[in-house]
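What follows is one structure encoded as structure tokens, with my remarks underneath.
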């Protein structure tokens, strides 16, 4: 398995764990209080969680596979990354528009912020999935 594929798997797992966990907490909080939690605390926990786990995970991955970690991307890897970027960008645009449409209906700024944040997480996870599929298929 290529280093970049391992990295995509690691980042997908981290993104799903942190993003999914916070999404679950936000929904549970809303169900119990009928109010959206403060956006700053959700944003801060998501950002810090992703950064810390990504740094630790990437360092561990690089230590295990030192040779491959420093190698630059070849043409195949660049093509896979460009395809993943394109698909996740389209998905992000669609999800942001859906978030804006929801805001027009509900008129809640906190909900708009949380949906936009979730859109970023989902689009990033989709990028990792497309990368993994590209590596698995070989193009």
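Numbering (my numbering), first residue to last: 78 to 216. By construction, the Cβ of each residue, glycine as well, lies at the ideal position given by its N, Cα and C atoms.
{"Item": "Looking only at its own chain, which residues have a Cβ that is under 7 Å from the Cβ of residue 196, when we skip the five neighbours before and after it?", "Value": "169, 172, 173, 176"}
{"Item": "Please state if the CB of residue 191 and the CB of residue 116 are separated by a distance shorter than 9 Å.", "Value": "yes"}
{"Item": "Going by alpha carbons, who is nearest to residue 202 out of 212, 161, 83, 184?", "Value": "161"}
{"Item": "For residue 86, which three-state DSSP category applies?", "Value": "helix"}
{"Item": "What are the boundary residues of the alpha helix (DSSP H) that residue 134 is part of?", "Value": "116-141"}
{"Item": "For residue 149, is the classification buried or exposed, using 16 other Cβ atoms within 10 angstroms of its Cβ as the cut-off for buried?", "Value": "exposed"}
{"Item": "If you run the structure through DSSP and keep just helix, strand and coil, what is residue 151?", "Value": "coil"}
{"Item": "Could you check whether residue 80 and residue 146 sit closer than 9 Å to each other, using their CB atoms as the reference points?", "Value": "yes"}
{"Item": "I'd like the span of the alpha helix (DSSP H) that includes residue 192, first residue to last.", "Value": "186-214"}
{"Item": "With C-beta atoms as the reference, is residue 99 less than 9 Å away from residue 123?", "Value": "yes"}
{"Item": "Helix, strand or coil for residue 158? Go by DSSP, reduced to three states.", "Value": "helix"}
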